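Worksheet: one structure, shown below.
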């Protein structure tokens, strides 16, 4: 009640501020949320990972994409050569992160393209391009550059949380410069020294979006607060304060018919580097984390590398492990022959939880000192905040109907009623979803709801299905 | 516990598809998942999940009811002895073991019948739907005995439980789908189907007249102020018979678990500490009841209307209803703002019915049932307010 009032006041303040100027920075403190304290945070040191011999570009990493192949099996490609494009919007090209030959195109049912595997020859053989002078370029020229260079897939849009539609004008571009998810990489460390690339990319987006670029920064950030040509908004609080959806909601919420573009900050550096040098360097520094990693630290990898090139020999190997591309809340489960997701800056390894747990010891009625719970049914709240937990993949219970109320609201810092929106999504209630705020959210915003929910329902999946329905029917 | 795990694995094939007892798989699954948290792992979405589940949540409510149950057993034993000896002045704390035993002999059969009938029906539906037992009835099965008069015939408990589980819950789809509180459905069924057994003079002291004072409850005596033949001549006579301390501690006749406000508050403490029961609902329920009682004091006119407001909160099932019935998350308002209004109106209406309708000496049950029906409407307005806020944003922007 107080919090929603607070939210309303914040929105009111924002609106009144907006009338005066567009470039005023704001400070928002997020009061709801949850920091899940896991063992296995990455130490601030970076190792180079030997380039993986095969890399994968998977259309499945781009939700809702209907790809059309450009290359054939056996064809030679350079770094930045298009591999496939979007059938609906043919300007959006998806380009090779490495030079080499296309080994195979893996198809599934109805010949759906699942993966394009490219043998990496290790050469720094870039598709010919020259640096772009952002100041002298028009918005149209910049857009054309991003599309043809294969940089556009890094730009996503709200609503729907898919690759942005370049034909729509956004009301703003939002970039979150910190990740608040469990064990997430620290971009202040990862991107130190890349300020020039970041600034170039911000200048480009300022042109594309008519000057409205918002940077969400952590109050402790050193390198991002100094960036120019953008409105710097400071966000403090627990996860999901770093989620770009939360940041948009508290500064300039999305209404029906409006579009906002979002770019991950490390992808922003890749875009900026291309504009400065003309080279598509598809490399990231990812955090390799989790309780099952022997020395959690950062690693330099190429987009689409195999998980085993990153993790083999790096894990403790005690018992079964879950390899996750991404963080524990929103990442994808990967096998040993799986690949790092296109957008992922993070790899996590945690133990599998496929054991029976006797109810009085480690099971549902135990004391539960090893469990991390947001409810006070477990003693988590009595423990010091320095205590970290090893959590496994057990669901800790079976799926049930929605009984408990109010628990989702505590981790959902939007002026949106989470349970009502989830129920509207489950029942395919389009009007209900529109009214209750589906245009503002992405599945990742519901990840904490999914974590804390007593029902064990896969809430992110339900929201994704709801968004897909809205995408088909209303957009 | 490896040996228990081994036994479960050994018998599991009998219950699986094609096994000898395939039909009884839900029964097996229920027992197995009670003994062991199953080895289910996350497949989609968040890879880790909170430790909390519905079993632990429901078990917490049952634990919160144990003080009420234990005190209820003793209290029942005491009034049973009062009835046998014909001495209303019997020292409350004499022969505690005998009283406890006598109470247990009355109360435990009610508990057994309630769980037996309810779980039996639940298992039939579980087998029909092919899933394990959902935990909701574990709480209802304990709530039902606590709301019963001590000497209710056991067959009535069985019929009421069956009615509540079938009509109150299963026809709506089971745990989490019901519209009104299950335990109150059982109570209301008996109240309207067998009114003479559920209220009036007869029930509370096993049908025995004691010292010329009828064996009605405090509320029954109070309600008589509204009639031509009051049991007491004045309020001070009443408060001598039922002192504030006795009423608060629960050393008075009444339904098995409802008499002791103290024990209810201990349960409330656990529910609020663990977050299972909503502080908003409990607090606003008490405030609503107190406000109504104060209002009646202002109106005044007869002894019942003049009854000090705090008495209302400690008599009858008010505290029990506020702590264990109104907080049922399935039937209460589901929005955080709605919960405040829901609780407040619930308390308000409970006292209103209690005082102004002499046909119903106790109003808590009817008030909560009424608010159960109203809760979706309250939520509707809270949700509409949220939607309007969102639409307004477009207009002002």
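Chains as they are written, first to last, in the working numbering: chain A, 1 to 475; chain Z, 1001 to 1397.
Quick reminder that beta carbons are idealized off the backbone N, C-alpha and C, glycines included.
All of these numbers come straight from a predicted model, not from anything done at the bench.
Query raised in the report: Quick one: what does DSSP say residue 315 of chain A is sitting in, helix, strand or coil?
Result: As a position in the first chain, residue 315 of chain A is number 315, starting the count at 1. Here residue 315 of chain A sits in strand by DSSP.
**Report entry** Other residues of its chain near residue 196 of chain A: CB distance less than 8 Å, five sequence neighbours each side excluded
**Finding:** For the purposes of this step, residue 196 of chain A is taken as the residue at position 196 of the first chain. 272, 276, listed in sequence order.
**Report entry** Straight-line gap, residue 300 of chain A to residue 252 of chain A (C-alpha atoms, nearest Å)
**Finding:** As a working note, residue 300 of chain A is residue 300 in the first chain. As a working note, residue 252 of chain A is residue 252 in the first chain. Straight-line Cα distance between these residues: approximately 35 Å.
Query raised in the report: Applying the criterion that 16 or more other CB atoms from any shown protein chain within 10 Å of the CB defines a buried residue, is residue 1175 of chain Z buried or exposed?
Result: The residue you call residue 1175 of chain Z lines up with position 175 of the second chain. Looking at its Cβ environment, which holds 16 or more other Cβ atoms inside 10 Å, residue 1175 of chain Z is buried.
Query raised in the report: Using 8 Å as the limit for Cβ to Cβ distance, is residue 1034 of chain Z near chain A?
Result: Position 34 of the second chain holds residue 1034 of chain Z. Using beta-carbon distances, residue 1034 of chain Z counts as an interface residue toward chain A, with a partner under 8 Å.
Query - is_contact[residue 323 of chain A, chain Z] using C-beta, thresh 8 Å - result: For the purposes of this step, residue 323 of chain A is taken as the residue at position 323 of the first chain. It does not; no Cβ of chain Z falls within 8 Å.
Query - Rounded C-alpha distance that separates residue 283 of chain A from residue 471 of chain A - result: Working through the first chain from its first residue, we reach residue 283 of chain A at position 283. Working through the first chain from its first residue, we reach residue 471 of chain A at position 471. If I take the Cα positions, the gap works out to 32 Å.
Query - Interface partners of residue 1055 of chain Z on chain A, CB under 7 Å - result: By 1-based counting over the second chain, the position of residue 1055 of chain Z is 55. Ordered by position in chain A, the residues that pass the 7 Å Cβ test against residue 1055 of chain Z are 364, 397.
Requested in this report: Evaluate contact between the region 74-90 of chain A and the region 124-141 of chain A, counting only Cβ atoms and requiring at least three cross-stretch pairs below 8 Å.
Outcome: yes
Query raised in the report: For residue 1190 of chain Z, which option in Z:1145, Z:1230, Z:1331 has the closest C-alpha, if you only look at C-alpha atoms?
Result: One-based indexing of the second chain puts residue 1190 of chain Z at position 190. For the residues Z:1145, Z:1230, Z:1331, the minimum Cα distance to residue 1190 of chain Z belongs to Z:1145.
Query raised in the report: Taking the alpha-carbon positions, what's the residue 1171 of chain Z to residue 447 of chain A distance?
Result: Working through the second chain from its first residue, we reach residue 1171 of chain Z at position 171. Working through the first chain from its first residue, we reach residue 447 of chain A at position 447. Computed Cα separation, rounded: 33 Å.
Query raised in the report: What does residue 1303 of chain Z touch in chain A if you count any residue whose Cβ is under 8 Å from its own?
Result: Residue 1303 of chain Z sits at position 303 when you count from the first residue of the second chain. Correct list: empty, because the minimum Cβ distance to chain A is about 39 Å.
Report task. Answer yes or no: does any C-beta atom of chain Z fall closer than 8 Å to that of residue 350 of chain A? Result -> Translated into the one-based positions of the first chain, residue 350 of chain A becomes position 350. Chain Z, which has a Cβ nearer than 8 Å to the Cβ of residue 350 of chain A, makes this yes.
Report task. Keeping to the same chain, check which residues put their C-beta closer than 6 Å to that of residue 464 of chain A; ignore five residues upstream and five downstream. Result -> The count along the first chain starts at 1 and reaches residue 464 of chain A at position 464. Result list for residue 464 of chain A: 443, in chain order.
Query - Reference residue 1255 of chain Z; option with closest CA among Z:1021, Z:1069, Z:1293, Z:1334 - result: Translated into positions along the second chain, residue 1255 of chain Z becomes position 255. Sorting Z:1021, Z:1069, Z:1293, Z:1334 by C-alpha distance to the C-alpha of residue 1255 of chain Z places Z:1069 at the top.
**Report entry** heavy atom of the ligand PLP below 7 Å from residue 118 of chain A C-beta
**Finding:** Absence of the ligand PLP is noted for the structure shown, with no ligands found whatsoever.
**Report entry** Contacts of residue 968 of chain Z in chain A (Cβ-Cβ under 8 Å)
**Finding:** Shown here, chain Z extends from 1001 to 1397; a query on residue 968 of chain Z therefore has no answer.
Requested in this report: Using 10 angstroms around the beta-carbon of residue 347 of chain A, count the other beta-carbons present and answer buried if the total reaches 16, otherwise exposed.
Outcome: For the purposes of this step, residue 347 of chain A is identified with residue 347 of the first chain, where counting begins at 1. When all chains shown are included, residue 347 of chain A counts as buried.
**Report entry** Collapsed DSSP secondary structure at residue 1122 of chain Z in the structure displayed
**Finding:** The count along the second chain starts at 1 and reaches residue 1122 of chain Z at position 122. Note: residue 1122 of chain Z maps to helix in three-state DSSP.
Report task. Would you kindly report the start and end of the unbroken beta strand (DSSP E) that includes residue 260 of chain A? Result -> What you label residue 260 of chain A is simply residue 260 of the first chain in a count that begins at 1. Where residue 260 of chain A is concerned, the enclosing beta strand (DSSP E) stretches over 260-263.
Query - beta strand (DSSP E) runs contained entirely in the region 72-157 of chain A, provided each spans 3 or more residues - result: 82-86, 93-95, 100-107, 113-120
Report task. List the whole-angstrom C-beta distance separating residue 214 of chain A from residue 172 of chain A, where the pair is believed to meet the contact cut-off of C-beta under 8 Å. Result -> Residue mapping note: residue 214 of chain A aligns to position 214 of the first chain, counting from 1. Residue mapping note: residue 172 of chain A aligns to position 172 of the first chain, counting from 1. Contact between residue 214 of chain A and residue 172 of chain A is confirmed by a C-beta separation of about 6 Å, below the 8 Å threshold.
Query raised in the report: residue 489 of chain A versus chain Z: which residues are under 8 Å apart at the beta carbon?
Result: Nothing in the structure corresponds to residue 489 of chain A, since chain A is present only between 1 and 475.
Query - Cβ pair residue 1252 of chain Z, residue 1259 of chain Z closer than 8 Å - result: For the purposes of this step, residue 1252 of chain Z is taken as residue 252 along the second chain, with counting starting at 1. For the purposes of this step, residue 1259 of chain Z is taken as residue 259 along the second chain, with counting starting at 1. Residue 1259 of chain Z is positioned such that its CB atom lies closer than 8 Å to that of residue 1252 of chain Z.
Query - CB contact check: residue 1005 of chain Z to chain A, cutoff 8 Å - result: As a working mapping, residue 1005 of chain Z is identified with position 5 in the second chain. Answer yes: the Cβ-Cβ gap between residue 1005 of chain Z and chain A drops below 8 Å somewhere.
Report task. Give me the Cα-Cα distance between residue 321 of chain A and residue 304 of chain A, rounded to the nearest whole angstrom. Result -> By one-based count along the first chain, residue 321 of chain A stands at place 321. By one-based count along the first chain, residue 304 of chain A stands at place 304. Rounded to the nearest angstrom, the two C-alpha atoms are 21 Å apart.
Query raised in the report: Does any C-beta atom of chain A lie closer than 8 Å to the C-beta of residue 1038 of chain Z?
Result: One-based indexing of the second chain puts residue 1038 of chain Z at position 38. Closer than 8 Å to the CB of residue 1038 of chain Z there is at least one CB belonging to chain A.
Report task. Report, in whole angstroms, the separation of the C-beta atoms of residue 1026 of chain Z and residue 1120 of chain Z, which I expect to be a contact under 8 Å. Result -> Stepping through the second chain from its first residue, residue 1026 of chain Z is reached at position 26. Stepping through the second chain from its first residue, residue 1120 of chain Z is reached at position 120. Not really, about 13 Å apart at Cβ, beyond 8 Å.
Query - Spatial distance of residue 87 of chain A from residue 402 of chain A (CA atoms) - result: Within the first chain, the letter at position 87 stands for residue 87 of chain A. Within the first chain, the letter at position 402 stands for residue 402 of chain A. Approximately 40 Å between the Cα atoms of the pair.
Query raised in the report: Going by alpha carbons, who is nearest to residue 459 of chain A out of A:408, A:95, A:439?
Result: For the purposes of this step, residue 459 of chain A is taken as residue 459 along the first chain, with counting starting at 1. Of A:408, A:95, A:439, the residue nearest in Cα terms is A:408.
Query raised in the report: Between the region 1027-1047 of chain Z and the region 1139-1158 of chain Z, do at least 3 Cβ pairs fall closer than 8 Å?
Result: With a cut-off of 8 Å, the region 1139-1158 of chain Z and the region 1027-1047 of chain Z do not count as touching, because too few Cβ pairs lie within range.
Query - Cβ neighbour criterion (16 or more within 10 Å) applied to residue 1021 of chain Z - result: In the second chain, counting from the first residue as 1, residue 1021 of chain Z sits at position 21. Residue 1021 of chain Z comes out exposed.
Query raised in the report: Using a beta-carbon distance cut-off of less than 8 Å, what residues from the region 1270-1300 of chain Z approach chain A?
Result: 1273, 1274, 1275, 1276, 1278
Report task. Return the first residue and the last residue of the alpha helix (DSSP H) that residue 474 of chain A is part of. Result -> The count along the first chain starts at 1 and reaches residue 474 of chain A at position 474. First-last of the alpha helix (DSSP H) with residue 474 of chain A: 459-474.
Query raised in the report: Closer than 8 Å, CB to CB, is residue 1467 of chain Z near chain A or not?
Result: Given a span of 1001 to 1397 for chain Z in the structure shown, any question on residue 1467 of chain Z remains unanswerable.
Query raised in the report: Which class does residue 338 of chain A belong to by DSSP, given the choice of helix, strand or coil?
Result: As a working note, residue 338 of chain A is residue 338 in the first chain. If DSSP states are grouped into helix, strand and coil, residue 338 of chain A belongs with coil.
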